[in-house]
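Shown next, in structure tokens, is the structure this report addresses.
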Amino acid sequence: PAEIAGLLSKYQNVNAFFAPTMVMRLINAPEITPGSTENLKTIVYGGGPMYVEDCLKALALIGPKLVQIYGQGEAPMTITALSRAQHTNSEDPRYLEKLASVGTARSDLEICIQGGDEQPLPAGEIGEVCVRGDVVMQGYWNNSKATQESLRGGWLHTGDIGELDQEGFLTLKDRSKDVIISGGSNIYPREVEEILLQHSGVLEASVIGRPHVEWGEEVVAFIVCQTDAKVTETELDQLCLNNIARFKRPKAYLFVAELPKNNYGKILKTTLREMLQSN
């Protein structure tokens, strides 16, 4: 952050691409103030979830300078975008819902939400995000098996779980491999994480499932607290009970100094599962 602050003081009309984690490191840095970002034109972010609370905090500090993109290497570079205007249209009655989305499809792409039978689902139904259009890959190099698994029925099956609303805004729930199934019901980690981040003392939160003899899986939350903040399990549990269904709330809270991330700032849930198993 200090280096970026120095660059912002030196150069004008700066555009940057950051993972959401990088955005929040910048926003939380003492070197970054409203006055220090005058030369910042746009931050385009993507590569992971940007939680609504974090997005609002960033907008409050740097102003209307955020653009979100969602895509995959198999459909480079962008599938959807949430524009600068959509980030700041707080008069929209569905503003927070749209801020939680990844925006709408680019004009040359089509998005379809498909169920387990690979049939299209109506607006508001949750399923796998599928994409088709000219930017979608023709296949994986020298890997016909992976190509057949990903390209089916003329659609790229992204492995992401989400829903489309009536206006075409795509909201991602999670990767299919990260969905927690408890008692036959799906629990989407991001929904729980969004609630936990509403606590003023929580800096970061990540939710995973762990095996449960009766229910199949149960929810466990890893929590990173703000500096000097005191956060209790009781407070977090009550926050969840007030905002989501009882069965979705974490059955355990693990307070850690930091969350494991890759070089791009993505939280490594595989590592969290390993940590949980060895705990």
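My numbering applies: residue 77 is where the sequence shown begins, and numbers increase by one. The C-beta atom is built at its ideal place from N, Cα and C for all residues, glycine as well.
So, helix, strand or coil for residue i, using DSSP?
i	result
Tyr-329	strand
Asp-236	strand
Gly-111	helix
Asp-250	strand
Glu-243	coil
Ser-166	coil
Lys-117	strand
Lys-221	helix
Ala-92	strand
Asn-318	helix
From what residue to what residue does the beta strand (DSSP E) around residue i run?
i	result
Tyr-127	From DSSP, Tyr-127 is part of no beta strand (DSSP E); its letter is neither H nor E.
Leu-279	278-288
Gly-292	292-301
Lys-324	Element bounds for Lys-324: n/a, residue is neither H nor E.
Val-307	No beta strand (DSSP E) contains Val-307, which DSSP labels as neither H nor E.
State yes or no: is the C-beta of residue i within less than 8 Å of the C-beta of residue j?
i	j	result
Arg-251	Asp-241	no
Ala-297	Val-307	no
Ala-81	Ser-112	yes
Ile-320	Glu-267	yes
Pro-77	Ile-108	yes
Gly-277	Ala-305	yes
Gln-148	Leu-158	no
Ser-258	Glu-294	yes
Ile-155	Ala-134	no
Gly-244	Thr-180	yes
Mark residue i as exposed unless 16 or more other C-beta atoms lie within 10 angstroms of its C-beta, in which case mark it buried.
i	result
Glu-150	buried
Leu-348	buried
Trp-217	exposed
Arg-322	exposed
Ala-222	exposed
Leu-335	buried
His-288	exposed
Thr-346	exposed
Tyr-121	buried
Pro-198	exposed
Which partner residues of residue i appear in the DSSP bridge assignment?
i	result
Thr-156	Tyr-146 and Ala-181
Where does the unbroken alpha helix (DSSP H) through residue i begin, and where does it stop?
i	result
Ile-256	Premise fails: Ile-256 lies in the beta strand (DSSP E), 256-258, not in any alpha helix (DSSP H).
Ala-86	The sequence shown places Lys at residue 86, rather than the Ala named in the question. Unbroken alpha helix (DSSP H) run through Lys-86: 78-86.
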